[in-house]
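Visitor: Okay, handing you the structure first.
There are 2 protein chains.
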Amino acid sequence: MSLQHAIITALLEKPSSGLELTRRFDRSIGYFWPATHQQIYRELARLERAGWIRTLPGEPGRGGRKEYEVLPEGRAALVEWVAAEADPKPIRDALVLRLRAAAVVGLNGVDEQLRRHRLLHRQRLSEYLDIEESDFPEEGEEDAASGDRLRHLVLRAGIKLESFWLEWIDETLAELERERDRQDP
Amino acid sequence: MSLQHAIITALLEKPSSGLELTRRFDRSIGYFWPATHQQIYRELARLERAGWIRTLPGEPGRGGRKEYEVLPEGRAALVEWVAAEADPKPIRDALVLRLRAAAVVGLNGVDEQLRRHRLLHRQRLSEYLDIEESDFPEEGEEDAASGDRLRHLVLRAGIKLESFWLEWIDETLAELERERDRQDP
DNA sequence: GTGCGCATGTAACTGGTTACATGATTGT
DNA sequence: ACAATCATGTAACCAGTTACATGCGCAC
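Residue numbers (our numbering), protein chains in the order written: chain Z, 50 to 234; chain W, 50 to 234.
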């Protein structure tokens, strides 16, 4: 269900076609709920059947392009969903799992993977920091719109999450270093 | 594929039956790769067909209970997997998504959900801290086995991840508080 | 022998992933 | 006319989820 509500959120901000949505997802909502165009088309079709969104009347042309907008029922469903109760879903992370396996069969190139992930997380973090700088300048936070402050909090989640990974990977690589020293002193 | 390797890891530590594995998952590997008994039975069957594990010969009795052990092929596959290259999978988090939606349709009970999650993350964190205290006492880290130190790093990931969530939720609730003050000064 | 808990499983469904198909528009 | 790109979609697959089925051994 979450993807459907993510889509409604995006459509409320701006009526869009499937591909446009996909692209907008790639650089905002998709940071914590990624989706491919196939998924998005599937859900758009379902949402339309459910009567939560509709294609904008008028121009269906321009390469078969269809623009969708949210209907009142869709908005109501989103409002309800915002307050819905749901437990946090446990994460599934293969890198940690690899390290766990290494505890049993030995470190055999995990460090290289750790370094690769460190690089990727660094890139992602600096991407987020760039967005923060350009979209949420420090001054003006007080007189910003409420929605903007909330969007900033969402971005903060991304920033803190990436920072967490970087810290953990650093801590882990340092320990693996010590581990190696213990074996060849 | 990850679940299969998680299972091999667990079986290497101790040959087990399906239900035993399920229970052990619930309080160790499952913290970052949860699995239900149905999933585990399915994968055990596949792993056996692939020739990576086998049922322990001898006693198949006691309520149809079957114990599995890892074969050399399975161990080799795990060693290879430990060093395999795979990008970090983006997270999907509904709570952040709800906040994102709230930026568009208004805060309507998200705070209650934030507080619920805060409680759950606190519980999870103290669970981890208890495990850390009992399984990885500070003294003796130096002369602990390598595997233990690696398992400790894995636990550290859990601890830091829960701490991240708590920090972010606190920051967010504080901001929502200020938000409310702005509306009714 | 009946009911309870342990243990192994099947079946149907949902959502995410990957690969491919089709048509329209735009630039050369 | 042709290729590149934009845009919408289908199909098959895989992993995780939920609900249910079945058989065994033990306690009462």
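Here a beta-carbon is modelled for each residue, glycine too, at the ideal position from N, C-alpha and C.
Within 10 Å of its beta-carbon, does L68/Z have 16 or more other beta-carbons around it, so buried, or fewer, so exposed?
Guide: Label assigned to L68/Z: exposed.
Visitor: Would you call the region 199-209 of chain Z and the region 207-224 of chain W in contact, with 3 or more CB pairs under 8 Å?
Guide: Because the criterion of three Cβ pairs below 8 Å is met, the region 199-209 of chain Z and the region 207-224 of chain W touch.
Visitor: Checking 7 Å against the spacing of the C-beta atoms, do E211/W and H170/W come in under that value?
Guide: For E211/W and H170/W, yes; Cβs fall inside 7 Å.
Visitor: Do the region 136-148 of chain Z and the region 180-191 of chain Z meet, that is, are 3 or more Cβ pairs less than 8 Å apart?
Guide: Counting Cβ pairs under 8 Å, fewer than three are found: no touch.
Visitor: Below 9 Å between beta carbons is the criterion; list the residues of the region 64-98 of chain Z that meet it against any residue of chain W, in chain order.
Guide: Of all residues in the region 64-98 of chain Z, S77, I78, G79, Y80, F81, W82 and P83 have a Cβ within less than 9 Å of some Cβ in chain W.
Visitor: Per the DSSP calculation, E117/W is bridged to which residue(s)?
Guide: What sits at residue 117/W in the sequence shown is Tyr, not Glu. Note: Y117/W sits in a beta bridge opposite S65/W and T104/W.
Visitor: How long is the line joining the alpha carbons of E116/Z and E92/Z, rounded to whole angstroms?
Guide: Distance between the alpha carbons of E116/Z and E92/Z: 14 Å.
Visitor: Quick one: which chain Z residues come within Cβ less than 8 Å of G158/W?
Guide: Correct list: V131 and A132.
Visitor: Here's a check: name, in chain order, each residue in its chain whose Cβ is nearer than 8 Å to the Cβ of T71/Z, leaving out the five neighbours to either side.
Guide: Here the set comprises A84, T85, H86 and I89.
Visitor: Among I140/W, A193/W, E190/W and F213/W, whose alpha-carbon lies nearest the alpha-carbon of R173/W?
Guide: It is F213/W.
Visitor: Going by C-alpha distance, which of G196/W, F81/W and G123/W is nearest G100/W?
Guide: Nearest C-alpha to G100/W: G123/W.
Visitor: Cβ of V203/Z less than 7 Å from any chain W Cβ?
Guide: Cβ-Cβ to chain W under 7 Å: yes for V203/Z.
Visitor: Taking 7 Å as the CB-CB limit, is W217/W close to chain Z?
Guide: True, the Cβ-Cβ gap to chain Z drops below 7 Å.
Visitor: According to DSSP, simplified to helix, strand and coil, what is E228/W?
Guide: Of the three classes helix, strand and coil, the one that applies to E228/W here is helix, per DSSP.
Visitor: Listed in chain order, which residues of the region 161-172 of chain W have Cβ atoms closer than 9 Å to some Cβ of chain Z?
Guide: Listed by position, the residues of the region 161-172 of chain W near chain Z (Cβ gap below 9 Å) are E161, Q162, R165, H166, L169 and H170.
Visitor: Helix, strand or coil: how does DSSP classify D233/W here?
Guide: D233/W: coil per DSSP, three-state reduction.
Visitor: Would the beta-carbon of L199/Z fall within 7 Å of that of A150/W?
Guide: Taking 7 Å as the Cβ cut-off, L199/Z and A150/W do not qualify as a contacting pair.
Visitor: Are the C-beta atoms of G123/Z and some chain W residue less than 7 Å apart?
Guide: Cβ-Cβ to chain W under 7 Å: no for G123/Z.
Visitor: Could you round the C-beta distance between V154/W and V154/Z to whole angstroms and report it? I think they count as a contact, below 8 Å.
Guide: That pair is no contact at about 50 Å.
Visitor: Any heavy atom of the ligand SAM closer than 6 Å to the beta-carbon of V159/W?
Guide: As for the ligand SAM, it is missing from this structure, which has no ligand bound.
Visitor: When you compare only the Cα positions, how much space is there between E228/W and A194/Z?
Guide: Approximately 10 Å, taken between the alpha carbons.
Visitor: Which residues in chain W sit within 8 Å of I140/Z, going by Cβ to Cβ distance?
Guide: F81, I140 and L210, listed in chain order.
Visitor: Take the Cβ of A223/W as the centre, count every other Cβ of all protein chains shown within 10 Å, and call the residue buried at 16 or more, exposed below.
Guide: A223/W comes out exposed.
Visitor: Return the residues of the region 143-157 of chain Z that lie within a Cβ-Cβ distance of less than 7 Å from chain W, sorted by chain order.
Guide: Under the 7 Å Cβ criterion, the region 143-157 of chain Z contributes A143, L144, V145, L146, R147, L148, R149, A150, A151, A152, V153, V154 and N157.
Visitor: Apart from the five residues on each side of it in sequence, which residues of its chain come closer than 8 Å, Cβ to Cβ, to R103/W?
Guide: For R103/W, where only same-chain residues beyond five positions count, the Cβ hits under 8 Å are E97, Y117, E118 and L120.
Visitor: Pull up the distance between the alpha-carbon of F81/W and that of R165/W, whole angstroms please.
Guide: Spanning the two alpha carbons is a distance of roughly 21 Å.
Visitor: Using a beta-carbon distance below 7 Å, is S183/W in contact with chain Z?
Guide: With 7 Å as the cut-off, S183/W does not count as an interface residue toward chain Z.
Visitor: Would you say S175/W lies against chain Z (beta-carbon separation less than 7 Å)?
Guide: It does not; no Cβ of chain Z falls within 7 Å.
Visitor: Classify G155/Z as helix, strand or coil using the three-state DSSP reduction.
Guide: Looking at G155/Z - three-state DSSP - the assignment turns out to be coil, as it is neither helix nor strand.
Visitor: DSSP state of E122/W, grouped into three classes?
Guide: Helix, per DSSP.
Visitor: Under the three-state reduction of DSSP, which class applies to A94/W: helix, strand or coil?
Guide: Of the three classes helix, strand and coil, the one that applies to A94/W here is helix, per DSSP.
Visitor: Classify G79/Z as buried or exposed, calling it buried when 16 or more other Cβ atoms lie within 10 Å of its own Cβ.
Guide: Buried is the call here.
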